[in-house]
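Asks: So that we are looking at the same thing, I have put the structure below in structure tokens.
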Amino acid sequence: MNVLIINTGSSSLKYQLFNMDNQSVLAGGVVERIGETQGILTHKDFSMGKEQKTKKTQPIPNHKEAMLLVADLITQEIDAVGHRVVQGGEAFKAATRINEAVKNAIQANNPLAPLHNPPNLIGIQLAEDLFPGKPQVAVFDTNFHQTIPPKAFLYALPYEYYTDYKIRKYGFHGTSHKYVANKTAQLMGKNPGEVNLITLHLGNGCSICAIKQGECQDTSMGMTPLAGVMMGTRSGDLDPAIFGYLMDNTGMTQMEIDEVLNKKSGLAGICGLNDLRDIHARASQGDKLAILAVEMFAYQIKKYIGAYAAVLGHVDGLVFTAGVGENDEIVRAKALAGLSVFGIEIDPDKNNKRSPDPRTIHGSNSRIQVWVVPTNEELQIATETCQVLGSNPTS
Ligand code: AMP
Numbered sequence: 000m001n002v003l004i005i006n007t008g009s010s011s012l013k014y015q016l017f018n019m020d021n022q023s024v025l026a027g028g029v030v031e032r033i034g035e036t037q038g039i040l041t042h043k044d045f046s047m048g049k050e051q052k053t054k055k056t057q058p059i060p061n062h063k064e065a066m067l068l069v070a071d072l073i074t075q076e077i078d079a080v081g082h083r084v085v086q087g088g089e090a091f092k093a094a095t096r097i098n099e100a101v102k103n104a105i106q107a108n109n110p111l112a113p114l115h116n117p118p119n120l121i122g123i124q125l126a127e128d129l130f131p132g133k134p135q136v137a138v139f140d141t142n143f144h145q146t147i148p149p150k151a152f153l154y155a156l157p158y159e160y161y162t163d164y165k166i167r168k169y170g171f172h173g174t175s176h177k178y179v180a181n182k183t184a185q186l187m188g189k190n191p192g193e194v195n196l197i198t199l200h201l202g203n204g205c206s207i208c209a210i211k212q213g214e215c216q217d218t219s220m221g222m223t224p225l226a227g228v229m230m231g232t233r234s235g236d237l238d239p240a241i242f243g244y245l246m247d248n249t250g251m252t253q254m255e256i257d258e259v260l261n262k263k264s265g266l267a268g269i270c271g272l273n274d275l276r277d278i279h280a281r282a283s284q285g286d287k288l289a290i291l292a293v294e295m296f297a298y299q300i301k302k303y304i305g306a307y308a309a310v311l312g313h314v315d316g317l318v319f320t321a322g323v324g325e326n327d328e329i330v331r332a333k334a335l336a337g338l339s340v341f342g343i344e345i346d347p348d349k350n351n352k353r354s355p356d357p358r359t360i361h362g363s364n365s366r367i368q369v370w371v372v373p374t375n376e377e378l379q380i381a382t383e384t385c386q387v388l389g390s391n392p393t394s
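Numbering (numbering that gives the first Met the number 0), first residue to last: 0 to 394.
Structure, rendered in structure tokens:
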């Protein structure tokens, strides 16, 4: 069964085609700068046993043109399409086969994810047009977090803000947390229901999750992906009074402050750079703000680990994933330093070793296992698409 995974952003379209009979990638790529003067399509085909790359630079005025270009390059039969949808709200507890009612429900969640859900819906519509009759499944970033109990998902605001305006923690990166949690349990020789894990998705966006016996109990992102630990360009948790204070004292509009919090804060806000490779290079030259940015980042991660250890009571493993989590031994070492009180000790040699494979980095005396597990959100979406459709995707 060939499953095409589509992930549409406001100006991009990422896709991957899996043969789910053996979980191999047949093709994949990305269309970037949709709507700008020059769009870029990068397509890779793996079906001949080696990578064949196609790159096109041309105006790509909208997502429809992008999808047409992609469909042109995919030579394989497609049996089903799985879509990443960012915000499912409370309506969707699990991946769901798409029909009119599901599309309406996704649209109803647009106010909660104005930058993400509308392009996701465009992707669904285009895939329906291009692959008529093929089943389509939505896998929501928020699905995995729907097990978070009210005491953890509610904000201490007037309760009717929750009932009237749907203000609550939803959490994001759910597909990634679920993938690495399941994979780590498997690598530990256990079922997901047998282990308690703290998963740390640390990329340009960052979120941390407390997972008890396979079910998410809490996560650091909130109603939007702005909350939690500081990120590449996002502030993470703030005193909420800062927003009004900035409006009153800087003359910035709500939109301008929003832009600062999302695009000019986090690591970039502190030291001007958002990529940790660049930040470490600066820090090694003695740049004080680069050093401070790394210290702040590691400190905030450490605080969440402590909080989530308390939430879970018993922790079997920590799991680092995504660009920083998988590759940055400095951040991992700093975030875990001094946590032997919790039974967490890393082995510096294992931590310093680079590898694309899942691996442990804890020392022999560590009570809690520490894993580095590469994430694969596309494969998780493809897997859930197959699960929703059962064995007969064309029914
Ligand atoms: P992601 O959002 O998961 O693609 O992660 C992107 C981020 O990962 C980049 O902005 C870098 O900060 C970080 N990153 C990627 N590769 C490395 C590396 N080799 N060492 C340190 N950080 C890395």
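No residue lacks a Cβ here, since even glycine has one placed at the ideal position from N, Cα and C.
Below 7 Å CB to CB, which residues in the same chain sit around ILE256 once its five sequence neighbours on both sides are set aside?
Replies: As a working note, residue 256 is residue 257 in the sequence shown. PHE242, LEU245, MET246, listed in sequence order.
Asks: Could you tell me which residues DSSP puts in a beta bridge with ILE207?
Replies: As a working note, residue 207 is residue 208 in the sequence shown. DSSP output for ILE207 lists LEU199 as bridge partner(s).
Asks: Starting from the Cα of ASN103, find the closest Cα among LYS92, ASN116, ALA93 and give me that residue.
Replies: If you number the sequence shown from 1, residue 103 lands on position 104. The residue with the shortest Cα to Cα distance from ASN103 is ASN116.
Asks: When DSSP labels each residue in this structure, what does SER23 get in the three-state scheme?
Replies: Position 24 of the sequence shown, counted from the first residue, corresponds to residue 23. Strand at SER23.
Asks: Pick helix, strand or coil for GLU377, following the three-state DSSP scheme.
Replies: On the sequence shown, residue 377 is found 378 positions in, with the first residue counted as 1. Helix.
Asks: Could you tell me the distance, in whole angstroms, from the CA atom of LEU378 to the CA atom of SER46?
Replies: The sequence position of residue 378 within the sequence shown is 379, counting from 1. The sequence position of residue 46 within the sequence shown is 47, counting from 1. C-alpha separation (whole angstroms): 17 Å.
Asks: Are there any heavy atoms of ligand 2 lying less than 7 Å away from the beta-carbon of ASP274, as far as the coordinates show?
Replies: Ligand 2 is absent from the structure shown, which contains only ligand 1.
Asks: Where does THR393 sit, in a helix, a strand or coil, going by DSSP?
Replies: Stepping through the sequence shown from its first residue, residue 393 is reached at position 394. With a pLDDT of only 46 at THR393, under the threshold of 50, the placement of this residue in the model should not be trusted, and no figure is reported.
Asks: Could you check whether the Cβ of ASP78 sits closer than 7 Å to any heavy atom belonging to ligand 1?
Replies: Taking the first residue of the sequence shown as 1, we reach residue 78 at position 79. The answer is no for ASP78.
Asks: Considering only residues of the stretch 57–117, which uninterrupted beta strand (DSSP E) runs meet the minimum length of 3 residues and lie entirely inside it, listed in chain order?
Replies: For the stretch 57–117, whole beta strand (DSSP E) runs of length 3 or above, ordered along the chain, are 79–84.
Asks: Suppose the cutoff is 7 Å on Cβ atoms and the five residues either side in sequence are ignored; what does the same chain contact list for LEU153 look like?
Replies: Here residue 153 refers to the residue found at position 154 of the sequence shown. Excluding residues within five positions, the ones whose Cβ falls inside 7 Å are TYR161, ARG167.
Asks: Check each candidate in ALA79, GLN135, ASN109 and name the one with the smallest Cα separation from THR95.
Replies: The sequence position of residue 95 within the sequence shown is 96, counting from 1. Nearest option by C-alpha distance: GLN135.
Asks: Just mark SER23 as buried or exposed, buried being the case when its beta carbon has 16 or more other beta carbons within 10 Å.
Replies: Residue mapping note: residue 23 aligns to position 24 of the sequence shown, counting from 1. Counting Cβ neighbours within 10 Å, SER23 comes out exposed, since fewer than 16 surround it.
Asks: For MET229 and TYR303, I'd like the C-alpha separation in whole angstroms.
Replies: Position 230 of the sequence shown, counting from 1, holds the residue named residue 229. Position 304 of the sequence shown, counting from 1, holds the residue named residue 303. Cα-Cα distance, rounded: 11 Å.
Asks: DSSP three-state call for VAL369: helix, strand or coil?
Replies: The count along the sequence shown starts at 1 and reaches residue 369 at position 370. Residue state, collapsed to three classes: strand.
Asks: Based on DSSP bridge pairs, tell me the residues matched to MET31.
Replies: Indexing the sequence shown from 1 puts residue 31 at position 32. Here residue 31 turns out to be Glu, not Met, going by the sequence shown. Partner(s): ILE39.
Asks: Do you know offhand how far GLN145's Cα is from LEU317's?
Replies: Taking the sequence shown and counting its residues from 1, the one referred to as residue 145 is at position 146. Taking the sequence shown and counting its residues from 1, the one referred to as residue 317 is at position 318. Distance between the alpha carbons of GLN145 and LEU317 is about 21 Å.
Asks: Tell me which residues share the same chain as GLU328 and place their Cβ nearer than 7 Å to its Cβ, disregarding the 5 neighbours each side in the sequence.
Replies: Working through the sequence shown from its first residue, we reach residue 328 at position 329. Around GLU328: ASN350, ASN351.
Asks: Regarding ASP348 and ligand 1, is the C-beta to nearest heavy atom distance less than 7 Å?
Replies: As a working mapping, residue 348 is identified with position 349 in the sequence shown. ASP348: no, Cβ never under 7 Å from ligand 1.
Asks: Could you spell out the range, first to last residue, of the beta strand (DSSP E) harbouring PHE130?
Replies: Translated into positions along the sequence shown, residue 130 becomes position 131. Where PHE130 is concerned, there is no enclosing beta strand (DSSP E), given that its DSSP letter is neither H nor E.
Asks: Could you pull out every residue in the same chain whose Cβ sits closer than 6 Å to the Cβ of LEU3, ignoring the five residues on either side in sequence?
Replies: One-based indexing of the sequence shown puts residue 3 at position 4. If we look at LEU3 and ignore the five residues flanking it on each side, its Cβ neighbours are LEU16, ILE77, VAL80.
Asks: DSSP puts VAL318 in a beta bridge; with which residues?
Replies: Within the sequence shown, numbered from 1, the residue matching residue 318 stands at position 319. The partner list for VAL318 (beta bridge, DSSP) reads THR198, TRP370.
Asks: ALA137 and ILE97: beta carbons closer than 8 Å?
Replies: On the sequence shown, residue 137 is found 138 positions in, with the first residue counted as 1. On the sequence shown, residue 97 is found 98 positions in, with the first residue counted as 1. Yes; because the gap between Cβ atoms is below 8 Å, this pair is in contact.
Asks: Helix or strand or just coil, what does DSSP make of ASN273?
Replies: Within the sequence shown, residue 273 is the residue found at index 274, counting from 1. Coil, per DSSP.
Asks: Could you have a look at LEU16 and say whether DSSP puts it in helix, strand or coil?
Replies: Position 17 of the sequence shown, counted from the first residue, corresponds to residue 16. Here LEU16 sits in strand by DSSP.
Asks: Taking the beta strand (DSSP E) that ASP217 belongs to, which residues open and close that run?
Replies: Position 218 of the sequence shown, counted from the first residue, corresponds to residue 217. Per DSSP, ASP217 belongs to the beta strand (DSSP E) from 214–218.
Asks: Measure the C-alpha to C-alpha separation of ALA240 and ALA306 and round it to an integer number of angstroms.
Replies: Here the question's residue 240 lines up with position 241 in the sequence shown. Here the question's residue 306 lines up with position 307 in the sequence shown. Rounded to the nearest angstrom, the two C-alpha atoms are 23 Å apart.
Asks: Would GLY28 be called buried (16 or more neighbouring beta carbons within 10 Å of its own) or exposed?
Replies: On the sequence shown, residue 28 is found 29 positions in, with the first residue counted as 1. With 16 or more Cβ atoms within 10 Å of its Cβ, GLY28 is classed as buried.
Asks: Name, in chain order, the residues that DSSP records as bridge partners for ALA455.
Replies: Because the chain here runs from 0 to 394, residue 455 falls outside it and cannot be looked at.
Asks: Return the chain-ordered list of same chain residues with a C-beta closer than 7 Å to the C-beta of ASP163, the five sequence neighbours on each side being excluded.
Replies: Along the sequence shown, one-based indexing puts residue 163 at 164. The answer is none, since no qualifying residue turns up.
Asks: Are VAL319 and LEU199 close, meaning C-beta to C-beta below 8 Å?
Replies: Position 320 of the sequence shown, counted from the start, is the residue given in the question as residue 319. Position 200 of the sequence shown, counted from the start, is the residue given in the question as residue 199. Here the sequence assigns Phe to residue 319, which means Val is not the residue at that position. Cβ atoms of PHE319 and LEU199: closer than 8 Å.
Asks: Which same chain residues, not among the five before or five after GLY337, have their C-beta less than 6 Å away from its C-beta?
Replies: Counting from one through the sequence shown, the residue named residue 337 turns up at place 338. Excluding sequence neighbours, GLY337 sits near nothing in its chain.
Asks: Please classify THR249 as buried or exposed, where buried requires at least 16 other C-beta atoms within 10 Å of its C-beta.
Replies: What you label residue 249 is simply residue 250 of the sequence shown in a count that begins at 1. So THR249 counts as exposed.
Asks: For GLY265, is the beta carbon positioned less than 7 Å from some heavy atom of ligand 1?
Replies: Within the sequence shown, residue 265 is the residue found at index 266, counting from 1. False, no ligand heavy atom lies under 7 Å from that Cβ.
Asks: Hey, is GLY204 close to ligand 1, as in C-beta under 7 Å from one of its heavy atoms?
Replies: Locating residue 204 in the sequence shown gives position 205, counting from the first residue. Under cutoff, so the answer is yes.
Asks: Ordered along the chain, which non-local residues of its own chain (more than five positions away) have a Cβ less than 8 Å from that of ILE367?
Replies: Looking up residue 367 in the sequence shown gives position 368. Answer for ILE367: VAL314, ASP315, GLY316, LEU317, PHE341, GLY342, ILE343, HIS361, listed in chain order.
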